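Each residue of the sequence shown is one higher than the one before, starting from 427 at the first, in this note's numbering.
All residues carry an ideal CB built from backbone N, CA and C; glycine is no exception.
All figures in this text were calculated on a predicted structure; none of them were measured in a lab.
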Amino acid sequence: MYKPTETSATASSHTLAPVPLSVAQTGLDHALLTGLLLKHLYDGDVLTLHELAERMALRGRIIEDLLIDAKKAELVENRSATSSGQQRFALSGMGREQAKAQFAASGYLGAAPVPLSQYAKVCRAQSSRHQTVTRDDFERAMMDMVVPPGLKEKLGPALNSKRPLLIYGPAGTGKSFLCRSLNRMFQDEVLIPHAISVGHQIIGIFDPHYHRLADTDDASTLLSEQQDARWHRCQRPLLMVGGELTSQMLDISYDPNSRTFRAPIGLIANNGLLLIDDLGRQAVSPKAIFNRWILPLEEGRDFLALPSGEHFEVPFEQLLLFSTNLQPTELVDEAFLRRLGYKVRFGALDKETYLAIWKGNCAEFGLACEPAAEQWLVEEQYPQSQRPLLPCHPRDLLSIVSDRIKYHGQSAVITQEMLEYAWDLYFVEG
427 MYKPTETSAT ASSHTLAPVP LSVAQTGLDH ALLTGLLLKH LYDGDVLTLH
477 ELAERMALRG RIIEDLLIDA KKAELVENRS ATSSGQQRFA LSGMGREQAK
527 AQFAASGYLG AAPVPLSQYA KVCRAQSSRH QTVTRDDFER AMMDMVVPPG
577 LKEKLGPALN SKRPLLIYGP AGTGKSFLCR SLNRMFQDEV LIPHAISVGH
627 QIIGIFDPHY HRLADTDDAS TLLSEQQDAR WHRCQRPLLM VGGELTSQML
677 DISYDPNSRT FRAPIGLIAN NGLLLIDDLG RQAVSPKAIF NRWILPLEEG
727 RDFLALPSGE HFEVPFEQLL LFSTNLQPTE LVDEAFLRRL GYKVRFGALD
777 KETYLAIWKG NCAEFGLACE PAAEQWLVEE QYPQSQRPLL PCHPRDLLSI
827 VSDRIKYHGQ SAVITQEMLE YAWDLYFVEG
């Protein structure tokens, strides 16, 4: 499996994102940082230098320089020190008015952003396209999963492609489950900025719902290390959206209530995997989705716009997958399908693969199955009902069996009678 190199966050965070030691080295405008400082003081009322440094994810010497200038402008005042001798700071009357004006213009309150140019540089350096996935990598990453051999030979090479992957097939064939597991191929950490700045506007990037922090990521620790604390060390992101996807999520949007900008899903998923699940079930059409991303996919860059009309370029660096229960030809025409690159069909399992999944799920539920019951299920019940062997069935059927065993206080041994009971409850006949 991939081992971190000098492009990974763990090995080169100090070179990809060196610690800024002055306002100039942050790459940000002095006025932007001062405005953010005033908002934090307004929010915290009275704060120490250390508290401001942690809130803004900047070194104390930078905060000191900002405070000196703010005091000269009569925006900040000194307050009595803490019992440990730490100086405290608060806004003056003029400073409070300035802070209110800053909040009226932007509701963002968080770590100082990183400039767009630095974000683009780091994002491209961390691209998963720098890595090659081999058959051994795939086998190791999926060693605790049962993957049909035919799918391994199709999915593995697709991960080395720069083109998107379309996975299709009936519901219950394991498409979404397997897609969510593909991120296992990339075991290194990446740097995700808390926010980026485009001119004087701040766009939040880090989202704890999608970005899982590495064990080594801690704000107070990073402030004392050789990594810019405005960046979070994370696992490669996995962003999965389904029927809730709207056209607004594909571009930057503005929330008038919080007065903040929302990053599009493509920007949040950079350096990771973006899965569009249940394609064809969204309010926005598949053709519109493909049209929006065809150029970014081909060029590796996207063009976004702020509500003010200002346009800017960002990297488009993620593995993009589409999953659908519909026939691909029902979604888009042949011209679009050609541009998608890989199209992989998921279908019913053979008996051996089904039984391997069955036995694995039995172990997870702590159940043992009588050989005769197992044989009846796959050799009699499935053929007689003319139902395909689908990967979702073992877990669903065993869940019903497990519930009944708990209810009656029975031994954890599955009989044919228990399977008949579960079958009748699970499937809708006719």
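Exercise for the section: Kindly indicate which three-state DSSP category N586 falls into: helix, strand or coil? Expected result: Coil.
Practice task
Spatial neighbours of V548 within its chain, please: CB distance less than 7 Å, with the 5 preceding and 5 following residues excluded, ordered by chain position.
Solution key: Cβ within range, chain order: L442, A443, L617.
Problem - Top-ranked residue by Cα proximity to V804, from Q842, E736, L639 - result: The option with the nearest alpha carbon to V804 is Q842.
Problem - Alpha-carbon to alpha-carbon, D776 and V573 - result: Rounded to whole angstroms, the gap between the alpha carbons of V573 and D776 is 11 Å.
Exercise for the section: Quick one: give me the first and last residue of the beta strand (DSSP E) that D681 is part of. Expected result: Per DSSP, D681 is one residue of the beta strand (DSSP E) stretching across 679 to 681.
Practice task
Could you tell me which of G668, G595, P690, E739 sits nearest to F632, measuring between CA atoms?
Solution key: Closest by C-alpha distance to F632, out of G668, G595, P690, E739, is P690.
Handout entry: Whether A794 touches L823 by CB criterion (8 Å)
Key = Going by C-beta atoms, A794 is not nearer than 8 Å to L823.
Practice task
Over the uninterrupted beta strand (DSSP E) stretch that includes V827, give me the two end residues.
Solution key: Counting along the chain, no beta strand (DSSP E) covers V827; the unbroken alpha helix (DSSP H) around it starts and ends at 819 to 834.
Handout entry: C-beta contact flag for L464 and Q524 at 8 Å
Key = Cβ atoms of L464 and Q524: closer than 8 Å.
Practice task
With a 10 Å radius around its C-beta and 16 neighbouring C-beta atoms as the bar for buried, classify N787 as buried or exposed.
Solution key: Classification for N787: buried.
Exercise for the section: Consult DSSP for A761 and reduce its assignment to one of helix, strand or coil. Expected result: In this structure, DSSP gives A761 a helical state, which the three-state scheme calls helix.
Problem - S749 vs L705 beta-carbon contact at 8 Å - result: For S749 and L705, yes; Cβs fall inside 8 Å.
Practice task
Please state if the CB of R487 and the CB of L447 are separated by a distance shorter than 8 Å.
Solution key: For L447 and R487, yes; Cβs fall inside 8 Å.
Problem - Same chain only: Cβ atoms within 6 Å of A516, ignoring 5 sequence neighbours per side - result: If we look at A516 and ignore the five residues flanking it on each side, its Cβ neighbours are V472, E503, R505.
Practice task
Consult DSSP for H466 and reduce its assignment to one of helix, strand or coil.
Solution key: DSSP places H466 in helix when its eight states are reduced to three.
Exercise for the section: Look at I489 and L478 and say whether their C-beta atoms are less than 8 Å apart. Expected result: Yes; because the gap between Cβ atoms is below 8 Å, this pair is in contact.
Problem - M520 - containing alpha helix (DSSP H), residue span - result: For M520, the enclosing alpha helix (DSSP H) covers residues 519 to 531.
Handout entry: Helix, strand or coil at I631 [DSSP, three-state]
Key = I631: coil per DSSP, three-state reduction.
Exercise for the section: Tell me whether T431 is buried or exposed, calling it buried when 16 or more other Cβ atoms sit within 10 Å of its Cβ. Expected result: Residue confidence for T431 is low, a pLDDT of 39 falling below 50, so the modelled location carries little weight and cannot support an answer.
Handout entry: Per-residue burial, Y680 [other beta carbons within 10 Å of its own, 16 or more giving buried]
Key = Answer is exposed; the Cβ neighbour count stays below 16.
Handout entry: Reference Q744; option with closest CA among T460, A483, L591
Key = When only C-alpha atoms are compared, the closest one is L591.
Exercise for the section: Determine, using beta carbons only, whether R656 and P619 come nearer to each other than 8 Å. Expected result: Against a cut-off of 8 Å, the Cβ pair of P619 and R656 comes out as a contact.
Exercise for the section: Decide if L648 is buried, meaning its Cβ has at least 16 other Cβ atoms within 10 Å, or exposed. Expected result: No answer about L648 holds up, because its pLDDT of 49 lies below 50 and its placement is not dependable.
Handout entry: According to DSSP, residues forming a beta bridge with C660
Key = Looking at the DSSP assignment, C660 forms a beta bridge with V616, L639.
Exercise for the section: Measure the CB-CB distance between Y808 and I826 and report whether it falls below 8 Å. Expected result: No, the pair does not count as a contact, with Cβ atoms beyond the cut-off.
Practice task
Would you mind working out which of C818, L459, E579 sits nearest D495, comparing C-alpha positions?
Solution key: Among C818, L459, E579, the Cα nearest to that of D495 is on L459.
Problem - Bridge-paired residues (DSSP) for K497 - result: According to DSSP, K497 bridges with nothing at all.
Problem - Local Cβ density within 10 Å of L845, reported as buried at 16 or more and exposed below that - result: Flag for L845 reads buried.
Problem - Environment of S646 [buried if 16+ CB atoms lie within 10 Å] - result: Below a pLDDT of 50, predicted positions are generally treated as unreliable, and S646, at 48, falls in that range; the measurement from the model is reported next regardless. It is exposed - the Cβ of S646 has fewer than 16 other Cβ atoms within 10 Å.
Handout entry: 6 Å Cβ shell around H637 - same chain, five flanking residues per side excluded
Key = Residues I618, C660, P663 of the same chain have their beta carbon placed closer than 6 Å to that of H637, with the five preceding and five following residues left out of the count.
Problem - Where H626 falls: helix, strand or coil (DSSP) - result: DSSP, reduced to helix, strand and coil, places H626 outside both helices and strands of the structure shown, so it counts as coil.
Problem - Residues that I593 bridges to, as DSSP identifies them - result: Paired residues: S749, V770.
Exercise for the section: Between the Cα of D641 and those of E615, G630, H635, spot the shortest distance and give me the residue it belongs to. Expected result: Nearest C-alpha to D641: E615.
Problem - R589: CB within 7 Å of a non-hydrogen atom of the ligand PLP - result: This structure does not include the ligand PLP; it has no bound ligands of any sort.
Practice task
Give the straight-line distance between the Cα atoms of E756 and L763, rounded to the nearest whole angstrom.
Solution key: E756 and L763: Cα-Cα distance of roughly 11 Å.
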